[in-house]
Structure formats: C-alpha cells, structure tokens
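Worksheet: one structure, shown below.
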Amino acid sequence: MTAFTAAGAKAHDDPIIESDPPHRLVYGWKPMYKDLPDERMSRVTFELEPFKDQTRLTVTHDDFDEGSVMFRMISKGWPAVLSSLKSFLETGKGLAPSWDDEAQKRAATGA
Amino acid sequence: MIDIARFKPKTVYVIFIASTPEKIWAALTAPEFSTAYFFGSAIEIEPKQGGAFVMRKPDGTIDVSGAVVEWSPPRRLAVTWGVRWLPQMRDLPDCLVSYDIEQAGDSVRLTMTEAHQWDVPDALLSGGRAGWPAILSSLKSLLETGKPLAIKMQPPREMLEALAALKR
C-alpha cells in the first residue's frame, strides 16, 4: 500500500497483510513522514459489513508497543479521516484536514 | 449536585461534521432532530443545570432518563444517563454522557464521552459501543445531507448475557 502527500512525497509504503474485497483489508502501518518517532510497524484492519442500504465500517488499529507516540497520533487522526470519508461518499465533498494544530500546519505548508 | 469526578470515561467517540456548533447543539437537544437519528426517541430536556432529561420512545415509554449536569450552548452538554427501556438495566448506576462541540477548521468536532461511576464490565459497555457510532453517524448524515440513516439494532448478546449474570 503506497500513499503520497498532497505535495507528492511518499507517505506510506506498507505491506498488505490481507485483502478480501469488499469485506476486509489489513495492512501494516509505518508512515514515512518526517519527524515521526522510530517505532515498529503497527497494523490497520478495515471491516465492511452491509447494513441494509448502508455499510458499517469498523477500523481497528492495533499492535503498538506500550507508550507508542504513533498510537496517540492515529487516535486523533482516524476520526477526522473517517468522518471525511463518510462526507465524501455521501455528499461528494470531503472535510478539510483539521484534526489538530500540527496537521493543520502541515496541510498549510504542504510539508 | 452530583460529583462528576467519580465518573471515569469508558467510551469516547469523535466525529467531524460539516455544520455549525449551533446546528449540532440544536440536533442534540431538539426532538424533531433526535427522533430522526436516535432510534426514534424524542428528547425532552429542561435547558438548565439540574433540569430533567428524558428520551421518549415513539410508543411513549421512557428510553433513557437523567438530569442536566452542564448546559453550555453551543459548546458542552452533559447529562446523567440511566437506560430505562431494558428492564435489566434499570437498577444499574446512571452513567454520565457528555458532548463537547468544537470548531475544527471548516468542520466541527463532536466528542461523545460515556463515563461510569462504577467498575462496569466491558460486556455491559458493548451496547453503547455498538450504538453510539450508529447514532452519531446518523446525526452527521442528517446534518450534512438532510437524511438520517435507517439503522435497526438489537442489544449485543454479550451485554444481555452480562446483565443476566449480574442478576444471579
């Protein structure tokens, strides 16, 4: 799984652990942003369950070491990302990245 | 007045909504909104600290009842929260549900915190952990698209089993 920042820098180059479309996706997580703590790879699991004409998306991000800084970061990040994903699918328009001051600064400078 | 410090957060759900704090406040406190996203229940709330708070099901019976602990529009609402619709839950200590509303860039961050004043087993928390995402997702859809989600849910089996075990 690769992902790039808005400025074109590589942000992710992580292994797919499991892919069962459209039900389940699991990948490793060790982002390549600058100034991140040097922690081992964690794991993200997406589960999709149909719920009539809707879908329940459950995201589980685990396999962190005790006291992980990345864990604190993703705890702030996922609600913003998933809220934006929902808005995008339902209205065609995502939300601006604004989950914390740091992210806002990064978005503003494209760093 | 109740001692809020006794309540420890057990479930927190954060959602960002393309709306304004005032509209989110209205959606949390007015029955014409709550009936759309809160499994049909109508909110009745006295707009002051210490005021009465009820969520009433469409058949008139009480879903949830409690009292207003903090009424600070449009930033923070906190209520004591006793689930009444499940007979097995009526004798449990009330929890504390608070909503924090903050502007975050173009959108608004809504944080729901469910806090408990006793050592509540995880199995009993499963109801809220299944229900809050559905309720708050529906609230977001309602405010952003004008249309809530139609979600039918049953209490999780592990919660019902834990309630049965408490009775013994």
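So the protein sequences, as listed, match chains B and P.
Yeah, the first sequence ends on 111 if you go by my numbering, and it's all consecutive.
Yeah, the second sequence ends on 1168 if you go by my numbering, and it's all consecutive.
Glycine residues also receive a C-beta, built at the ideal position from the N, C-alpha and C atoms.
This structure is a prediction, so every number in the text was calculated from the model and none was measured.
One Cα belongs to Asp14 of chain B, the other to Phe64 of chain B, and the distance between them is close to 16 angstroms. Taken through DSSP and simplified to helix, strand or coil, Asp1100 of chain P comes out as strand. A straight line joining the alpha-carbon of Gly77 of chain B with that of His61 of chain B spans about 11 angstroms. Under DSSP, His23 of chain B forms no beta bridge with any residue. When the beta-carbon positions are compared, Ser1107 of chain P and Ala96 of chain B come within less than 8 angstroms of each other. Neighbours of Glu90 of chain B in chain P, taken as residues at a C-beta separation under 8 angstroms, are given in chain order as Ser1141, Glu1144 and Thr1145.
The beta carbon of Ser19 of chain B does not come within 8 angstroms of any beta carbon belonging to chain P, so the residue lies off that interface. Under the 8 angstroms criterion on CB atoms, Phe51 of chain B is classed as interfacial with respect to chain P. Just so you know, the alpha carbons of Ser1072 of chain P and Asp1003 of chain P end up roughly 18 angstroms apart. Secondary structure note for Ala1078 of chain P: its beta strand (DSSP E) is the uninterrupted segment Arg1076 to Val1083. Our two residues, Met70 of chain B and Ala3 of chain B, have alpha carbons roughly 17 angstroms apart in a direct line. By the Cβ criterion, the segment 1127 to 1145 of chain P is in contact with the segment 1028 to 1048 of chain P, since at least three pairs of Cβ atoms, one from each stretch, lie closer than 8 angstroms.
Partner residues in the beta bridge of Glu49 of chain B, as assigned by DSSP, are B:Arg56. Straight-line measurement puts the Cα of Phe46 of chain B at about 23 angstroms from the Cα of Leu1110 of chain P. Excluding residues up to 5 positions away in sequence, Pro1009, Lys1010, Thr1011, Val1012, Trp1081, Cys1095, Leu1096, Val1097, Leu1125, Gly1128 and Trp1132 lie with their Cβ nearer than 8 angstroms to the Cβ of Glu1114 of chain P in the same chain.
Exposure of Lys34 of chain B is indicated by the presence of fewer than 16 other C-beta atoms within 10 angstroms of its C-beta. Excluding residues up to 5 positions away in sequence, Ala1052 lie with their Cβ nearer than 6 angstroms to the Cβ of Glu1046 of chain P in the same chain.
Nearest CB-CB separation between Ala6 of chain B and chain P: not below the 8 angstroms threshold. For Phe1039 of chain P, the secondary structure class from DSSP, reduced to helix, strand or coil, is coil. Per DSSP, Val1120 of chain P lies in no alpha helix (DSSP H) and is assigned neither H nor E. Excluding residues up to 5 positions away in sequence, Ser1107 and Glu1144 lie with their Cβ nearer than 6 angstroms to the Cβ of Ala1018 of chain P in the same chain.
Residues of chain B whose Cβ lies closer than 7 angstroms to the Cβ of Leu1149 of chain P are, in chain order, Gln54.
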